[in-house]
Amino acid sequence: MQKLCLLSNIALFLYESGAGITECYGNFEKEENPLGADSHFTNKLIERCNGIACPAVIVENKAIYFSAIKADENQYVLAGPMCSEFLSNVEVHRFYKLHNMEKMEQKAPARLGFLQMISLISMIYTTITGEICNEEMLLKENNLAYVDPEELERDKATFRIGKVEEEAYHHTYMEELQWINCIKNGDEVKAKEMSDSLAENAGKLSRKEMNHQRNLAICAVTLATRAAIESGVTPAEAYILSDVYIDKIDKCSDVGQLIELRRLSTMEFTRQVMEARKEKVRSNYIEQCKDYIINHYQYKIRLEEAADAIGINKNYLSHLFKKEEGISMNEYINRVRVKRAENLLKYSDATLTEISSYVCFNSQSHFGSVFKKCNGVTPQQYRDRYRSREFLKK
1 MQKLCLLSNI
11 ALFLYESGAG
21 ITECYGNFEK
31 EENPLGADSH
41 FTNKLIERCN
51 GIACPAVIVE
61 NKAIYFSAIK
71 ADENQYVLAG
81 PMCSEFLSNV
91 EVHRFYKLHN
101 MEKMEQKAPA
111 RLGFLQMISL
121 ISMIYTTITG
131 EICNEEMLLK
141 ENNLAYVDPE
151 ELERDKATFR
161 IGKVEEEAYH
171 HTYMEELQWI
181 NCIKNGDEVK
191 AKEMSDSLAE
201 NAGKLSRKEM
211 NHQRNLAICA
221 VTLATRAAIE
231 SGVTPAEAYI
241 LSDVYIDKID
251 KCSDVGQLIE
261 LRRLSTMEFT
271 RQVMEARKEK
281 VRSNYIEQCK
291 DYIINHYQYK
301 IRLEEAADAI
311 GINKNYLSHL
321 FKKEEGISMN
331 EYINRVRVKR
341 AENLLKYSDA
351 TLTEISSYVC
361 FNSQSHFGSV
371 FKKCNGVTPQ
381 QYRDRYRSRE
391 FLKK
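Numbering follows full-length UniProt numbering, with no gaps: position 385 of the sequence shown is 385.
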C-alpha cells in the first residue's frame, strides 16, 4: 500500500468497522482529508461499498473521486480524493467547505487521469484480495462511463430508421475525402469552401446545436491534423496546432465562434502543408547544388553557373545555402576540395602542387591555408601522418 501511495500520490487509509481510520499510508493527515474529517461522508462511502460486489466509487462535482475497497468483513482500504480535472481556487474552496475543512490550508486534490484512477483502484483491489478486478463491473456498478450494449443497439436501429438515403451518406463521405485532399494539396480557398459544405451536410452529432458544432469542430481539427502530417508537416508542429485549437474549442461557449474556429483551423493546417512543401522544394535546391559542386569541384565554380544549372536566382541560392547548411557555398566548396585532397595525400605520389591544381585551388599557398584551417595541420604533415603503408614501402 505504501508503494501504491508513493507512486500515485493519492492518500490511502485503512478503515476498520467500529474504530474508523486506523492507519494512514504516505505523508497524509486524516484531518486534512474528507475521508478522515467528514465521518458522515466516509460512512456513506463504506455503506455503498457494502452494497455492491466490487470497489465503490463516489464522485463529487463530476471531477473528484473517492473509493472504498473491501478487504474483509471489517476492514476497508479508502482512497482519495482523486481529481480528473484541474480545479479553480473557487472550486477548491467549495470542496473544503463541503467537508467542513475551511480552516485547513486549501490545496487542490491530487490530479489523476480517469483511466489511471480506475487502474489504481483495480491494483488496490488485487493487492488486498488476490483477485483480478472486473473493471467493466466496477464502471457499471458505480455508473462510471458505462455504456449499455442493448441501449446502444436500440439507438443504432433508431438512427437507421430515421437516416437519409444511402446515396446522401456516400456523397458526404466523398466530400470528406475531397476536403482532406484539399488540405493535402495546400489549396486553402477550396479547403475552406469544402469545410463549410461538409458542415452543412453533416449528420447531427448532438441534439444541442452548441454540442453539435463543438463536436464537428473537434472532428475537423483531428482529420486536418492527420492530413497535414501525411503531407509532410512534422508531427510536433501539427499536434501543437491541434492542441491549441481543441483547447479553444473546448472553452468556447458561442456557436458562431465554434464555426469560425473550425474554418480557421482548416486554413491554418492547409497553410502548414504549403509551407512544408516549400521547405521540401528549398531543401531539394540545396541537394541539387551539392551534387553540382561534387561533379565540378575540379573546375572553377561560379555562383551564377550553379544557380543557372539548378534554375533559381543566384542571390536566393546563396541565401538559402547559408540558411540550410550553416556555412557559405564557397566554404562548402573548399571542404569538398579538401576532402578530395586528403585521399590524394594518403593514396597517391602526386606532389602538393599537383594536388592543389587538381582540386582547383588558386595556388599551393592558398591550398595549404585552407587545408590547415579544416584539419589543423598542413598538407605535408597530414601526408606524413596518414599516408598508406603501401606507398611508404615504395
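Cβ coordinates follow ideal geometry from the N, Cα and C atoms, glycine included.
Taking C-alpha atoms, which residue in P55, M174, N315, Y239 lies nearest to E131?
Of the listed residues, the one whose Cα sits closest to E131 is P55.
Alpha carbon to alpha carbon, how far is E165 from N181?
Note that E165 scores 47 on pLDDT, short of 50, meaning its location in the model is unreliable; the coordinates nonetheless yield the value given after this. Each residue's Cα considered, the two are about 25 angstroms apart.
Taking 7 angstroms as the cut-off, does the CB of E331 come closer than this to any heavy atom belonging to the ligand ADP?
With respect to small molecules bound, the structure shown includes none, and the ligand ADP cannot be examined in it.
Using beta-carbon positions only, say whether G311 and A276 come within less than 8 angstroms of one another.
For G311 and A276, no; Cβs fall outside 8 angstroms.
Which one or two residues does DSSP pair with V57 in a beta bridge?
According to DSSP, which records beta bridges pairwise, V57 is partnered with S67.
Assuming I10 and L112 form a contact by the criterion Cβ under 8 angstroms, report the distance between their Cβ atoms to the nearest whole angstrom.
Indeed, because the Cβ distance is near 7 angstroms, the residues count as touching under 8 angstroms.
Taking the alpha helix (DSSP H) that A220 falls in, what are its first and last residues?
Looking at the DSSP string, the run of the alpha helix (DSSP H) that includes A220 is 209-230.
Please work out which residues of its chain come closer than 7 angstroms, Cβ to Cβ, to N315, disregarding the five sequence neighbours upstream and downstream, and give them in chain order.
Result list for N315: empty, nothing under 7 angstroms.
Looking only at its chain, what residues have a beta carbon closer than 6 angstroms to the beta carbon of A307, apart from the 5 residues adjacent to it on each side?
Within the same chain, A307 has close Cβ partners K314, L317.
Just verifying my parser: in three-state terms, what is the DSSP assignment at C289?
Note: C289 maps to helix in three-state DSSP.
So what does DSSP say about E76, is it helix, strand or coil?
Note that residue 76 is Tyr in the sequence shown, not Glu. If DSSP states are grouped into helix, strand and coil, Y76 belongs with the strands.
Cα separation between E136 and V57?
Distance between the alpha carbons of E136 and V57 is about 13 angstroms.
What is the rounded straight-line gap between the Cα of S84 and the Cα of K290?
Spanning the two alpha carbons is a distance of roughly 54 angstroms.
Please report the residue range of the alpha helix (DSSP H) in which G36 lies.
Here the alpha helix (DSSP H) through G36 covers 34-37.
If you follow the alpha helix (DSSP H) that F86 is in, where does it begin and where does it stop?
F86 -> no alpha helix (DSSP H), and no H or E assigned at all.
Secondary structure at Y15, three-state DSSP: helix, strand or coil?
In the structure shown, Y15 sits in a strand (DSSP, three-state: E or B).
Across which residues does DSSP place I21 in a beta bridge pair?
Partner(s): Y15.
Around the Cβ of H319, are there at least 16 other Cβ atoms within 10 angstroms (buried) or fewer (exposed)?
Exposed, by the Cβ-count rule.
Thinking just about the alpha-carbon of each residue, which of E305, L223, E31, K208 is nearest to the one in S242?
Residue L223 is the option with its Cα nearest to S242.
Would you kindly work out how many angstroms separate the C-alpha atoms of K278 and D187, rounded to a whole number?
Looking at the two C-alpha atoms, the distance is approximately 14 angstroms.
Need the endpoints of the alpha helix (DSSP H) that I310 sits in, please.
Element bounds for I310: 303-310.
When you compare the CB positions of C49 and K30, do they come within less than 8 angstroms of one another, or not?
Not closer than 8 angstroms, so no.
Determine the DSSP secondary structure at P379, reduced to helix, strand or coil.
Correct three-state label for P379: helix.
What's the call for V77, buried or exposed, on a 16-neighbour Cβ count within 10 Å?
Under this definition V77 is a buried residue.
Just to confirm the assignment, what range does the alpha helix (DSSP H) spanning L144 have?
That residue, L144, is in no alpha helix (DSSP H); it is neither H nor E in DSSP.
Tell me the rounded alpha-carbon separation between P379 and K339.
Rounded to the nearest angstrom, the two C-alpha atoms are 11 angstroms apart.
Does the segment 344-360 come within contact of the segment 321-329, defined as at least 3 CB pairs closer than 8 angstroms?
No: the two stretches stay apart, fewer than three of their Cβ pairs being nearer than 8 angstroms.
DSSP on R387, reduced to helix/strand/coil?
Coil at R387, not helix or strand.
Residue range of the alpha helix (DSSP H) that Q116 falls in?
Segment 114-129, the alpha helix (DSSP H) holding Q116.
Hey, could you find the ends of the alpha helix (DSSP H) F321 is sitting in?
From DSSP, the alpha helix (DSSP H) with F321 extends over 314-325.
Would the beta-carbon of L345 fall within 8 angstroms of that of Q364?
Taking 8 angstroms as the Cβ cut-off, L345 and Q364 do not qualify as a contacting pair.
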